[in-house]
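Going letter by letter, the sequence shown gives residues -19 to -1, 1 to 437 in mature numbering (1 follows the signal peptide of the UniProt record, and there is no 0).
Glycine included, every Cβ here is placed at the ideal spot set by N, Cα and C.
What follows is a set of notes on a single structure, which appears directly below.
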Amino acid sequence: MKLAMLRLFLFVSARLLDTARVINNASVLQIREQFDGMKKKLMEKLKLSSEAKAAFEEKMKRLLNIKKDRIQAVGDSIDEINLNKNVSELLYQGDIVLTQTQADEITADIEEEASNRTKRQAFRDKNYPRTTWQNGVYYFFDSNASPLVKSVFKKATEEWRRDTCIDFYESYTAPNKIRVFMEGGCWSYVGRTGGEVQDFSLGQGCESSRYDRDQFITVNVANIKPDWVSQFTKQTTFTNDNYGITYDPGSIMHYGAMSATYNGKPSMLPHDSSYAETLGSPIISYYEKLMLNTHYECMKKCAGRTNMCKNGGFLNPRDCTKCVCPSGYGGAFCDRRVCPLATSAVSLLFLLDEDDVLSLQPPGCGAELEAKTQPQTLTDRLGNKLAGTSPREDFMFCNYWIKAPVGSRIEVKIKSFSKGVSVDGCTYAAVEIKTHKDQKLTGYRLVMMRTRFLCS
């Protein structure tokens, strides 16, 4: 299973509650009608020009395999799960419950400027920073939360706590707190709404709005379910602050290429076609950690300290003598491949966070390789072949560094996979190759069985 920023991908067996009973209230319905009233205007503004449509169709032809596999009957992504549970139409972006103030500001943005939506960023409204959890995030588990829900939720909060200045506390008595419970879907509020209790639903399974997205993504409204049109609007800089941080197609807060499609064709495609399988990633990206630290002003914790981090890392606000590193880099200063701590705790399930000194990895996993003028072959195996389609709570990673003399280029040819699973974001398994000069970016993720060439 995949961990997210207070968004968790769960596959569990549990009694489902009636979601409509929880979120189908007068306020939510009023907001839904508010967006529905703008549908015709949005359809017109989102419509591609004939030239853009032709370019989209041509790019789609070059993708040899865009068919999606279905692994879990309930759905393989948050938007699929909420669609199947008939709750997505009550939500914004398929998994958000908005307050009336937030809805009014977003619709004002739509009136001012509408365009395609692909990636959610820091929601910074007129009440910022009061809408952030300045004194930590308080939560409690509902009586219907299973042990698995509790376990994965705590792992997700720890993923964020470790690399930010945000603390999480379990408390039934805090004046502002989040209720974590089982539901027929997955959804939550944005930020701290100021009510006594905020709901956070985790169901059977359980991004997207930068104003600069047109430089990276093309959305084809003709392939999107009509009821989802409002989900693809773009905010303005009034409610969407990117803090100058670059766009990352591998963000966990990004829709997949097939999200909200009604005809089996992509609803969006990246301008760089090699990112098509990466959209909809289940893994927190480096740039998201950087953005959250910026949004919560965590960097002030290390003000005046010299940044000794290599490969683009930044000082960890929890310990300014260590760094938060891009994926694939580890050690205190991001100058090591990983921290290969293989202990007796390593069994069929491996937890690997390459940013932390307590990282676990399979014994013998990964290596530093040297590219030669003649091709070399690398064969690797990762995972538990006995697990079948049963999801896991953690991801297993294996990192390779491929080096070459200065001035050289490295060519990688993907010759074959054992049967890959084609789902948005490579949820279950993939090979990720970083070829960009900016190693902080998510690399290209590949899982489909076809020959592929990539060069550094």
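Best match in the options for proximity to residue i [C-alpha to C-alpha]
i: E349; options: R318, T154 and F149; result: R318
i: I52; options: T423, L427, G231 and Y409; result: Y409
i: F16; options: V202, P298, Q81 and K396; result: Q81
i: D419; options: Y150, I226, T287 and D405; result: I226
i: V161; options: V133, E140 and Q355; result: V133
i: W209; options: S240, E39, Q196 and S152; result: S240
i: V202; options: P230, Y228, Q196 and A238; result: A238
i: F398; options: A411, V404, G406 and C407; result: A411
i: S127; options: W141, K353, M163 and K206; result: M163
i: K158; options: R143, N116 and R299; result: N116
i: N292; options: L72, V393 and L422; result: L422
i: I264; options: G406, D148 and Q355; result: G406
i: A352; options: L23, K394 and D375; result: K394
i: Y310; options: N63, R194, K396 and F378; result: F378
i: L64; options: F122, I205, K42 and F37; result: I205
i: Y256; options: R426, S211, D193 and M24; result: R426
i: V404; options: S262, S308 and C290; result: S262
Range covered by the beta strand (DSSP E) that runs through residue i
i: A348; result: A348 to E351
i: K282; result: No beta strand (DSSP E) holds K282; DSSP gives it neither H nor E.
i: K303; result: D300 to V305
i: W382; result: Y381 to K384
i: H122; result: Contrary to the premise, residue 122 reads as Phe rather than His in this sequence. V118 to F122 is the extent of the beta strand (DSSP E) around F122.
i: T199; result: I198 to V200
i: K394; result: E392 to I395
i: N297; result: F295 to N297
i: R426; result: Y425 to L427
i: V412; result: V412 to I414
Assigned exposure category for residue i - 16 Cβ within 10 Å defines buried
i: residue 484; result: The requested residue 484 does not occur in the structure, where the chain is confined to residues -19 to 437.
i: H276; result: buried
i: P247; result: buried
i: V387; result: exposed
i: N244; result: exposed
i: L250; result: buried
i: E335; result: Note that E335 has pLDDT 36, beneath the 50 cutoff, so the model's placement of it is unreliable and the number below is only indicative. Buried, by the Cβ-count rule.
i: K66; result: buried
i: Y153; result: exposed
i: T145; result: buried
i: S266; result: buried
i: A326; result: Confidence in A326 is poor, its pLDDT being 29 and thus under 50, which makes the residue's placement unreliable; the coordinate value appears in the next sentence. Exposed.
i: D50; result: exposed
i: C306; result: buried
i: L79; result: buried
i: P230; result: buried
i: K270; result: buried
i: L359; result: exposed
i: T242; result: buried
i: S211; result: buried
i: F181; result: Low local confidence applies: a pLDDT of 42 at F181 is under 50, so the model's placement there is unreliable, and no value is given.
i: G285; result: exposed
i: I59; result: buried
Rounded C-alpha distance that separates residue i from residue j
i: L129; j: S31; result: 49 Å
i: L273; j: R362; result: 34 Å
i: E188; j: S232; result: With a pLDDT of 37 at E188, under the threshold of 50, the predicted position of this residue should be treated as unreliable, though the coordinate-derived value follows. Those two C-alpha atoms are separated by around 8 Å.
i: I391; j: K384; result: 8 Å
i: K100; j: K20; result: Residue confidence for K100 is low, a pLDDT of 46 falling below 50, so the modelled location carries little weight; the figure read from the coordinates is stated next. Roughly 20 Å separates the two Cα atoms.
i: S254; j: S389; result: 24 Å
i: L(-10); j: D57; result: Here the model assigns L(-10) a pLDDT of 27, short of 50, so the residue's position is not dependable, and the following value carries that caveat. Those two C-alpha atoms are separated by around 10 Å.
i: K40; j: L29; result: 14 Å
i: G18; j: T199; result: 24 Å
i: V428; j: E151; result: 38 Å
i: Q83; j: W382; result: 45 Å
i: Y119; j: P207; result: 37 Å
i: Q196; j: N223; result: 14 Å
i: T259; j: V55; result: 21 Å
i: K281; j: K415; result: 30 Å
i: P297; j: K303; result: Residue identity differs from the one stated: residue 297 is Asn in this sequence, not Pro. Cα to Cα, N297 sits roughly 6 Å from K303.
i: L72; j: D316; result: 43 Å
i: G347; j: N380; result: 5 Å
i: M234; j: Q357; result: 36 Å
i: A313; j: F295; result: 11 Å
i: T88; j: Q355; result: 58 Å
i: F37; j: H252; result: 9 Å
i: K26; j: D193; result: 16 Å
i: T138; j: C279; result: 16 Å
i: I12; j: L23; result: 16 Å
i: K70; j: Y228; result: Per the sequence shown, residue 70 should be read as Glu rather than Lys. Taking the straight line from one Cα to the other gives about 27 Å.
First through last residue of the alpha helix (DSSP H) which encompasses residue i
i: I59; result: I59 to N65
i: Y268; result: Y267 to H276
i: E25; result: K20 to L27
**Item:** 4-residue-minimum alpha helix (DSSP H) runs that sit fully inside the stretch 220 to 257, ordered along the chain
**Value:** Those alpha helix (DSSP H) runs which fall completely within the stretch 220 to 257 and span 4+ residues do not exist here.
**Unbroken stretches of the beta strand (DSSP E), 3 residues or longer, contained in the stretch 130 to 166** = Counting only runs of at least 3 residues, the stretch 130 to 166 fully encloses the following beta strand (DSSP E) elements, listed from N- to C-terminal order: 149 to 151 and 158 to 164.
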